[in-house]
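To start, the structure under review is shown below, and the notes come after it.
Number of protein chains: 2
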Amino acid sequence: MPFRPTQITGNNAEKTKAHNRRVVLGYLRGRDAGRAEVARATGLSTQTVSNLVAELAREGLVAPQGRRAQARGQPPVVYGFNPTSAAILGFEVRPDALTMVLTDLGGKILTTGHTWLTQTDPAHVLGQMAMLAGQAATLAPRILGAGLVIPGPFGATGLNAASATALPDWVPSEIPALAESALALPVWLDKDATAAALAEGMFGAAKGAQTYAFLYFGAGLGLGIIDQGQPLRGAFGNAGELGHIVSHPNGLPCDCGNNGCLEQYVSRLAVQRHLIARGLLPADGHGTDAVLTALLARDDAALSAWVDTAAEALSRAIGMLENLFDPQYTILGGALPDALLDLLIARLALPPGSVAHQTGRDRPRVLRGTSGRLTAALGAAALVIHHTVTPRIAAYRIE
Amino acid sequence: MPFRPTQITGNNAEKTKAHNRRVVLGYLRGRDAGRAEVARATGLSTQTVSNLVAELAREGLVAPQGRRAQARGQPPVVYGFNPTSAAILGFEVRPDALTMVLTDLGGKILTTGHTWLTQTDPAHVLGQMAMLAGQAATLAPRILGAGLVIPGPFGATGLNAASATALPDWVPSEIPALAESALALPVWLDKDATAAALAEGMFGAAKGAQTYAFLYFGAGLGLGIIDQGQPLRGAFGNAGELGHIVSHPNGLPCDCGNNGCLEQYVSRLAVQRHLIARGLLPADGHGTDAVLTALLARDDAALSAWVDTAAEALSRAIGMLENLFDPQYTILGGALPDALLDLLIARLALPPGSVAHQTGRDRPRVLRGTSGRLTAALGAAALVIHHTVTPRIAAYRIE
DNA sequence: CCCCTTAACTCAAAATGATGGAATAAAGTA
DNA sequence: TACTTTATTCCATCATTTTGAGTTAAGGGG
Chain H
1 MPFRPTQITG NNAEKTKAHN RRVVLGYLRG RDAGRAEVAR ATGLSTQTVS
51 NLVAELAREG LVAPQGRRAQ ARGQPPVVYG FNPTSAAILG FEVRPDALTM
101 VLTDLGGKIL TTGHTWLTQT DPAHVLGQMA MLAGQAATLA PRILGAGLVI
151 PGPFGATGLN AASATALPDW VPSEIPALAE SALALPVWLD KDATAAALAE
201 GMFGAAKGAQ TYAFLYFGAG LGLGIIDQGQ PLRGAFGNAG ELGHIVSHPN
251 GLPCDCGNNG CLEQYVSRLA VQRHLIARGL LPADGHGTDA VLTALLARDD
301 AALSAWVDTA AEALSRAIGM LENLFDPQYT ILGGALPDAL LDLLIARLAL
351 PPGSVAHQTG RDRPRVLRGT SGRLTAALGA AALVIHHTVT PRIAAYRIE
Chain Y
1001 MPFRPTQITG NNAEKTKAHN RRVVLGYLRG RDAGRAEVAR ATGLSTQTVS
1051 NLVAELAREG LVAPQGRRAQ ARGQPPVVYG FNPTSAAILG FEVRPDALTM
1101 VLTDLGGKIL TTGHTWLTQT DPAHVLGQMA MLAGQAATLA PRILGAGLVI
1151 PGPFGATGLN AASATALPDW VPSEIPALAE SALALPVWLD KDATAAALAE
1201 GMFGAAKGAQ TYAFLYFGAG LGLGIIDQGQ PLRGAFGNAG ELGHIVSHPN
1251 GLPCDCGNNG CLEQYVSRLA VQRHLIARGL LPADGHGTDA VLTALLARDD
1301 AALSAWVDTA AEALSRAIGM LENLFDPQYT ILGGALPDAL LDLLIARLAL
1351 PPGSVAHQTG RDRPRVLRGT SGRLTAALGA AALVIHHTVT PRIAAYRIE
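Protein chains in written order, with this note's numbering: chain H, 1 to 399; chain Y, 1001 to 1399.
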């Protein structure tokens, strides 16, 4: 329930413990370590770490990996994160379909599920979710929680006309509670691009990074921004509507009322439209992925022309994102074939006037995401880990 | 020391108390209230609030405002924030000058100071600071701390060529410690636009807002972004380099290597260049403010033409910021006369395709800042309050 | 091979600070 | 005046972390 935080609450001993537990678990999720090392890194006493690790080990979330002599002194008992000790559910809700993944805590997919939706009211969709979850539950001894992602934007904004993809009845502040009773699990909700970004930082290309931008190709073009490990949300949960920034002043009209929106040039819909106009794809867009893969394999000129145009607009957009967000890197992912994303990246000509253009970079400025078609659903699953493992600001209360 | 946080640390009882103290003080800074009300709002017990308020009252930071009967029951003793109980120092360091303000905790300016700088090495500048601070100290019984702002970007980035304004020797991670020993006060450092944004949210146009964008006219064009009350920093502290996003593809060349950077069209330097080219301002730009005010008063056509161009570019930029950050509003402030900022705002034609274009807004999408020429120095002072009053994520450790 | 040093770890007591329940104070209401 | 409501205080209790004194298990020097 990330939206509209209104008031910062106080702490007490119990919340302190929960925080410390997340700190310790977060550290061990990053690397195996002995308890004394965790204590030094977190600033906690060894005693506290010892207690917390014992508790986590009792629950199976971490496990001893044996002693490892390093120098003098008694060798530490090294503990490591145990990703197979529990499972998590991720649901992606779109206007036409519901996708589910069940993963372990390391993001490894245990099973998937899918249903086409004819109605999109929460009651109906939550029923479908409960059904899929019931099937999945037989495969996992223990499910920690469920994540839920829906496309933005939320509320009545200037983008609504353009958002046939939005789910109007899905009020972010109400859904988690409904879902919790439907699934009998703790539930977290976020928007697709943000959740996908978290997943990429947890399991994928941005593993270990604290500050990065994730460019999400869904129907349009979304953006998830993670700064210091925390997602940027905005006042109404609508941060990251990258698709509707104006890339070409006086360019192609968009349903939103702007002319030259970026997603008219860089998106799955844009490439589909380009190919349909040239007779390379049926008008309903059926089989897009297969066609794209085939065209890429034979180095098709029409597709290559689209990539050139898209890469030009995308280069400017990424330069802008770099200057505004100063990410460690920008990641491209979502519903486009990996080969096409790779080609787009190869054709980028990033502007020199960027804070990301610096000496001594260890990695490229732009990377491809690793999770492919299931990006959003995996992102949903990652929400659970994010909220279970990542220390937060003092909890926000929602009113 | 906001930059390069590396590790989240654990909590203990003392940190918990410090957090709760900030929560309580933060609440009372927003509105007067009885202790029971604070307890309800923060989720703390009345006893805890009572203890913390007593401590804060002992220090003078809050003071009882008398009883206020409201309904039945014993009327609460209402406590209020006491802005005159202490003072704070704010320093703005630029390559050519050092500006100081001494304010009370409400942002009211008690005195100002100014020195031209011939050298910019930290040792020299810190000496000048200590001198100014010494003079100011006679006016305030108690100084809580000092804030320090410097222009970005930090490190060796692609914008360095363009940043004659940057201070190369000022390494953000080292300065606060040096300054603390020079001033014998707690010191916080941040970049100008970010600090100015915090000040605007604390004392100015965005008072009470949690999520907003502040467009800062310095030499170039900076941006401070506050999301959920926390500044956006980026991986290297360089988030918000708005001036060098490409506004006009293939437009005017910029020292940074890009063509068509926004600050070539919208900045103090841009309007100066426009006026110099037309013989309305001496080539050294001397007397810019007076000239601008005079030209505005007589509705000068040349200036008006600049405003039109600037407003067009600015409208697109603001639309973009809205879609990326989803702020409650965007604020324009800094080193331009209020009348010019007002005219710019009046001429904006904001794009319709924006998440900020929503029904039921209580305030305009764009506001003018309130603090004028001293914006950055006031921002520096605001840093002290931000760190004293605002609850934070578990403290970051710097390595 | 023994003893010293180093480091990890455990146990029990102490310290910190939040909480909960009972008692008290001060108002409005019947 | 008695009763209800709300704010506040007092005091004992509770949840945690920290501290300090051992204990264990390794390496290194003679």
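We put the beta carbon where it would ideally sit given N, CA and C, even for glycine.
| Check | Outcome |
| --- | --- |
| First and last residue of the uninterrupted beta strand (DSSP E) at residue 1053 of chain Y | Note, residue 1053 of chain Y: premise wrong, no beta strand (DSSP E); alpha helix (DSSP H) at 1046-1059. |
| is_contact[residue 1037 of chain Y, chain H] using C-beta, thresh 8 Å | no |
| Collapsed DSSP secondary structure at residue 265 of chain H in the structure displayed | coil |
| When Y:1279, Y:1350 and Y:1150 are compared against residue 1166 of chain Y, the one with the closest alpha-carbon | Y:1150 |
| Nearest residue (CA-CA) to residue 375 of chain H, options H:105, H:281, H:216 and H:95 | H:216 |
| Exposure label - residue 1045 of chain Y; buried when at least 16 CB within 10 Å | exposed |
| Nonlocal neighbours in the same chain, by C-beta distance under 7 Å from residue 14 of chain H, ignoring five residues either side | none |
| Cutoff 7 Å; reference residue 278 of chain H; Cβ partners in own chain excluding five residues on either side | 302 |
| Cβ of residue 227 of chain H within 8 Å of any chain Y Cβ | yes |
| Nonlocal neighbours in the same chain, by C-beta distance under 6 Å from residue 1231 of chain Y, ignoring five residues either side | 1194 |
| Three or more C-beta pairs below 8 Å linking the stretch 350-370 of chain H and the stretch 272-290 of chain H | no |
| Neighbourhood of residue 186 of chain H by C-beta distance below 7 Å, restricted to the same chain and skipping five residues each side | 145 and 180 |
| Beta carbon of residue 1182 of chain Y nearer than 8 Å to that of residue 1130 of chain Y | yes |
| When Y:1072, Y:1139 and Y:1079 are compared against residue 1086 of chain Y, the one with the closest alpha-carbon | Y:1139 |
| 6 Å Cβ shell around residue 1386 of chain Y - same chain, five flanking residues per side excluded | 1198 |
| Residue 1189 of chain Y versus residue 1093 of chain Y - alpha carbon distance | 11 Å |
| Which listed residue (H:353, H:299, H:354 and H:148) has its alpha carbon closest to that of residue 173 of chain H | H:148 |
| Any C-beta of chain Y under 8 Å from that of residue 421 of chain H | Residue 421 of chain H is absent from the model: chain H starts at 1 and stops at 399. |
| Identity of the residue in H:339, H:99 and H:63 nearest residue 28 of chain H by Cα | H:63 |
| is_contact[residue 1082 of chain Y, chain H] using C-beta, thresh 8 Å | no |
| Nearest to residue 326 of chain H (by Cα), restricted to the options Y:1281, Y:1242 and Y:1207 | Y:1242 |
| Sequence-distant residues of the same chain with beta carbon closer than 7 Å to residue 101 of chain H, five excluded per side | 90, 109, 112, 374, 377, 378 and 381 |
| Best match in H:260, H:300, H:272 and H:213 for proximity to residue 328 of chain H [C-alpha to C-alpha] | H:213 |
| Buried or exposed by the 16-neighbour rule on C-beta atoms within 10 Å, applied to residue 125 of chain H | buried |
| Buried versus exposed call for residue 207 of chain H [16 or more other C-beta atoms within 10 Å across all chains shown] | exposed |
| Outcome for residue 258 of chain H when other beta-carbon atoms lying within 10 angstroms are tallied against a minimum of 16 | buried |
| Within-8 Å CB hit, residue 238 of chain H to chain Y | yes |
| Touch test, the stretch 18-33 of chain H against the stretch 1045-1057 of chain Y, Cβ-Cβ under 8 Å, three pairs minimum | no |
| Reference residue 1307 of chain Y, options Y:1099, Y:1271 and Y:1068, closest by Cα | Y:1271 |
| Chain Y contact for residue 325 of chain H (CB, 8 Å cutoff) | yes |
| Spatial distance of residue 1229 of chain Y from residue 1049 of chain Y (CA atoms) | 22 Å |
| Boundaries of the alpha helix (DSSP H) in which residue 1325 of chain Y is found, first to last residue | 1301-1325 |
| Within-8 Å CB hit, residue 334 of chain H to chain Y | no |
| Three-state class that DSSP yields for residue 1227 of chain Y in the structure shown | strand |
| Closest Cα partner of residue 1219 of chain Y within the set Y:1246, Y:1266 and Y:1251 | Y:1266 |
| Endpoints, the alpha helix (DSSP H) within which residue 65 of chain H is located | Here residue 65 of chain H belongs to no alpha helix (DSSP H); instead the beta strand (DSSP E) covers 62-67. |
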